[in-house]
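Protein chains in written order, with this note's numbering: chain A, 27 to 258; chain B, 27 to 258. A virtual CB, placed ideally from N, CA and C, is assigned to each residue, including glycine. All values reported here derive from a predicted model rather than from experimental measurement. The structure appears below as structure tokens.
Written as structure tokens, this is what we have:
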């Protein structure tokens, strides 16, 4: 019997690849996205599109009230500038939303219990470990133990990309037929097109180039990007 | 220097006693309540009143979107009957909101990080252990470890009542000058007055009687209670 799985889906390349992977394995999937006041609301449209394409049930939970509490991150506050460059840089710490993964995964875990799902799938990966402590193996293992101790052990946490690079994820996604340009959104800025400069744009482009996809190499759409940025 | 503490406050007798205890210790307290669609919305008014009385900053977070996901508990669904009798009974399992404590504590933990608070205070106690796995020491210890691993170890979890009975809590509260009848709300039903029959009404009355407070002995207000119940 196929597993019944809740999949945390941001609409970015990692979680969209995870969704395709679960469907490829034959899981029955309930996709869950969060509106926590992120600048990059656009990713939610991409999440909905991916679910429609795969005929997956999709819910978007409004966490507006919670995001008000968690001020100070560049991802939710219009007053903090989104840093440009690599994820590994110290500057990326401003993209940390306090305790974000624990909050989102706890809600998703409750949803899994309520829906009788045996697992919760999350697209954390090795590239996130340096900056985001709540993406590290120790955090994930501890989280799973707490989730189980609080809910009669009913839900396991499925993190197939835990020690993968983003390039590994891109390779799997291309094999599964994902058109990343069309199907996913990553940029932390709220522009019409990806900025090409924030951490997630840079990493995405490098991963896709390394995996053999030429559609996202930095420099494409350069002029339209500049146009967007001057409007910000 | 006094600690800066986030206190999870439902407005019931346990968390209100915890709030008084923190203030008594000299903590700077930020109180946090949740509107998760509970029938007993009235407890939120009592939470606000207690904070006003103690001049404590108080926020109420709307978790309406989350509670829609976590259907099936008697505390949030109008279609599930609130069970009467003792907490220890099997019937009390219908008052379990899937993963509730992990969700609420995770959000409160994020709030503590965002506000630079060194601890998160939660009023779980020994009487809850039988039915609610997410009130047990193992859960709390695991939760604290995960919270710390996800947030650079900045927030500890303070659970002074973890192995207390409800009577122990009532004794402390009476010593701290709490008028439980006036200052707190416990009933799971949404009536004008406490029903006197649900698990939390029964436990509250027994604890207060055992601690020497005569204000909440079952049978008081009996006729007005019956009046309320026929309206339900």
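To which residues does DSSP link residue i through a beta bridge?
i                      : result
residue 72 of chain B  : None, per the DSSP bridge assignment.
residue 157 of chain B : Paired residues: none, contrary to the question.
residue 184 of chain A : A:147
residue 59 of chain B  : B:86
residue 30 of chain A  : A:54
Who are the near neighbours of residue i in its chain, counting only those whose CB is closer than 7 Å to its CB and skipping five residues on each side?
i                      : result
residue 170 of chain A : 182 and 183
residue 197 of chain A : 237
residue 239 of chain A : 196, 200 and 206
residue 227 of chain B : 212, 213, 220 and 221
residue 148 of chain A : 34, 131, 183 and 185
Nearest chain A C-beta to residue i closer than 9 Å, yes or no?
i                      : result
residue 41 of chain B  : no
residue 36 of chain B  : no
residue 70 of chain B  : no
residue 182 of chain B : no
residue 162 of chain B : yes
residue 171 of chain B : yes
residue 194 of chain B : no
residue 157 of chain B : no
residue 154 of chain B : no
residue 63 of chain B  : no
residue 185 of chain B : no
residue 203 of chain B : no
residue 251 of chain B : Model confidence at residue 251 of chain B stands at a pLDDT of 33, short of 50, so the residue's coordinates are unreliable and nothing is read from them.
residue 97 of chain B  : yes
Give a yes or no on whether the minimum CB-CB distance between residue i and chain B is below 9 Å.
i                      : result
residue 188 of chain A : no
residue 84 of chain A  : no
residue 128 of chain A : yes
residue 206 of chain A : no
residue 198 of chain A : no
residue 58 of chain A  : yes
residue 94 of chain A  : yes
residue 278 of chain A : Outside the shown range of chain A (27 to 258) lies residue 278 of chain A, about which nothing can therefore be said.
residue 55 of chain A  : no
residue 289 of chain A : With chain A covering 27 to 258 only, the question about residue 289 of chain A has no answer from this structure.
residue 151 of chain A : no
residue 87 of chain A  : yes
residue 90 of chain A  : yes
residue 168 of chain A : yes
residue 67 of chain A  : no
Less than 8 Å between C-beta atoms, sequence neighbours within five positions excluded: which residues of the same chain meet that for residue i?
i                      : result
residue 211 of chain A : 37, 38, 66, 68, 69, 71, 72 and 220
residue 141 of chain A : 30, 32 and 56
residue 202 of chain A : 43, 46, 47 and 50
residue 188 of chain A : 150, 151, 152, 163 and 166
residue 54 of chain B  : 28, 29, 30 and 31
residue 94 of chain B  : 63
Between which residues of its own chain and residue i is the CB-CB distance below 6 Å, once the five residues before and five after are set aside?
i                      : result
residue 146 of chain A : 32, 134, 135, 138, 181 and 183
residue 192 of chain B : 153, 229 and 233
residue 80 of chain A  : 49
residue 85 of chain A  : 58
residue 190 of chain B : 151 and 152
So residue i packs on residue j, CB below 8 Å; how close in whole Å?
i                      : j                      : result
residue 82 of chain B  : residue 60 of chain B  : So it is not a contact: roughly 16 Å between Cβ atoms.
residue 161 of chain B : residue 154 of chain B : 4 Å
residue 28 of chain A  : residue 52 of chain A  : 4 Å
residue 42 of chain A  : residue 76 of chain A  : 5 Å
residue 164 of chain A : residue 175 of chain B : 5 Å
residue 178 of chain B : residue 124 of chain A : The pair is not a contact, with the Cβ atoms about 10 Å apart (cut-off 8 Å).
residue 34 of chain A  : residue 131 of chain A : 7 Å
residue 168 of chain A : residue 90 of chain B  : In fact, because the Cβ distance is near 29 Å, the residues do not count as touching under 8 Å.
residue 150 of chain A : residue 172 of chain B : So it is not a contact: roughly 14 Å between Cβ atoms.
Is residue i near the ligand MG, judged by its Cβ being under 8 Å from some heavy atom?
i                      : result
residue 210 of chain A : Here there are no bound small molecules, and the ligand MG is not part of this structure.
Against chain B, which members of the region 127 to 148 of chain A pass a CB distance test of less than 7 Å?
127, 128, 129, 132, 133, 135, 136, 137, 139 and 140
At a CB distance below 9 Å, what residues from the region 214 to 238 of chain A approach chain B? Give them in sequence order.
none
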